[in-house]
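Using the numbering used here, the letters of the sequence shown correspond one by one to residues 2 to 228. All residues carry an ideal CB built from backbone N, CA and C; glycine is no exception. Working notes for the structure below.
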Amino acid sequence: MLTAAETLAMSVTDRPVTGDAESRAWLRALRSADEHTREEAVARLHALLLRAARFEVRRRAAGARHVAGPQLDDLAQQSADDALVAVLAKLDRYRGASRFTTWVYKFALLEAGVKMRRRAWQDREVALEPAGWPVLADPGPSPSRDALMGELLAAVADAIAGELTAHQRAVLVAITINGVPIDVLAERMGTTRGALYKTLHDARRRLRACLAARGLDPDLDHRGSSE
């Protein structure tokens, strides 16, 4: 009698897969009911993810000069480990639109990117208040545009201070004004990227509604100009 694991592996293996022959071979091996075949495929997959993670870590190393070589290797290893878990958990989502190796590479690049950004910000303070509203201004030389921008900035500042919740304000300021990476902010605030994206979306929608109520257009680039 087959074990539950073997039954599950067979049911998954029997599902139709698309894509090129190499991609189908990867899926068959990773879903194989044979433990040796499956483990060998997982080991090959981890090695592939590790190469991708090392590439991304090295590419981003310039932005984290204080991180030493052994630390970079450790971050790459962690990235590959986490990417492997994610790939195996989402294996059924692969539809063959791209090569399987291309699809899994994205998991490693994402994990490595997140970890490098977090490491680069590890000893930095995450500012939740703006250093100054003028940083939002468009430097383009135009008196009329400067007047519009000044009015817009004042309205935005008022709306952020008076119309947003404290949480919306903190997220909006940190990400859009102070340049805090969203995954770093998620870690510091003990939440998820998805939750922060939702908060950011709601805050922006609320700001636009406030500006529209005052007859202001936040997209000055879309205004006509005879200058």
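For the ligand PLP, is there any heavy atom lying closer than 7 Å to the beta carbon of residue 201? The ligand PLP is absent from the structure shown, which contains no ligands of any kind.
Own chain partners of residue 196 with C-beta closer than 8 Å, once the 5 adjacent residues on each side are dropped: Position 195 of the sequence shown, counting from 1, holds the residue named residue 196. Around residue 196: 187.
Can you have a look at residue 48 and say buried or exposed, based on whether 16 or more other CB atoms are within 10 angstroms of its CB? Taking the sequence shown and counting its residues from 1, one reaches residue 48 at position 47. Its Cβ having fewer than 16 others within 10 Å, residue 48 is exposed.
8 Å Cβ cutoff met for residue 81 and residue 51: Position 80 of the sequence shown, counting from 1, holds the residue named residue 81. Position 50 of the sequence shown, counting from 1, holds the residue named residue 51. Taking 8 Å as the Cβ cut-off, residue 81 and residue 51 qualify as a contacting pair.
At what residues does the alpha helix (DSSP H) containing residue 112 begin and finish? Working through the sequence shown from its first residue, we reach residue 112 at position 111. Residues 101-121.
Measuring straight from C-alpha to C-alpha, what distance separates residue 171 and residue 165? Position 170 of the sequence shown, counted from the start, is the residue given in the question as residue 171. Position 164 of the sequence shown, counted from the start, is the residue given in the question as residue 165. Those two C-alpha atoms are separated by around 9 Å.
Simplified DSSP assignment, three categories, for residue 165: Position 164 of the sequence shown holds residue 165. If DSSP states are grouped into helix, strand and coil, residue 165 belongs with coil.
Helix, strand or coil for residue 71 per DSSP? Walking along the sequence shown from the start, residue 71 turns up at place 70. It is helical.
Which residues in the same chain have their Cβ closer than 8 Å to the Cβ of residue 156, if we skip the five residues on either side of it in sequence? For the purposes of this step, residue 156 is taken as the residue at position 155 of the sequence shown. Only 211, 212, 215 and 217 meet the Cβ criterion.
Residue closest to residue 89, alpha-carbon to alpha-carbon, out of 74, 44 and 113: Reading the sequence shown from its first residue, position 88 is the one you call residue 89. Looking at 74, 44 and 113, the one whose alpha-carbon comes closest to that of residue 89 is 44.
What are the boundary residues of the alpha helix (DSSP H) that residue 185 is part of? The residue given as residue 185 occupies position 184 in the sequence shown. Counting along the chain, the alpha helix (DSSP H) containing residue 185 begins and ends at 183-190.
Would you say residue 106 and residue 53 are within 8 Å of each other, going by their C-beta atoms? Locating residue 106 in the sequence shown gives position 105, counting from the first residue. Locating residue 53 in the sequence shown gives position 52, counting from the first residue. For residue 106 and residue 53, yes; Cβs fall inside 8 Å.
Relative to the C-alpha of residue 92, which residue among 27, 184, 38 and 160 is closest? For the purposes of this step, residue 92 is identified with residue 91 of the sequence shown, where counting begins at 1. Checked all of 27, 184, 38 and 160; the closest Cα to residue 92 is 27.
When the Cα atoms are used, what is the spatial distance from residue 98 to residue 203? As a position in the sequence shown, residue 98 is number 97, starting the count at 1. As a position in the sequence shown, residue 203 is number 202, starting the count at 1. Between residue 98 and residue 203, the C-alpha separation is close to 32 Å.
Of the residues 176, 207, 160 and 206, the one placed nearest residue 194, counting alpha carbons only: On the sequence shown, residue 194 is found 193 positions in, with the first residue counted as 1. Residue 194 has its Cα closest to that of 176, out of 176, 207, 160 and 206.
Between residue 61 and the rest of its own chain, which residues show a CB-CB distance below 6 Å, the 5 nearest in sequence each way excluded? By one-based count along the sequence shown, residue 61 stands at place 60. Around residue 61: 117.
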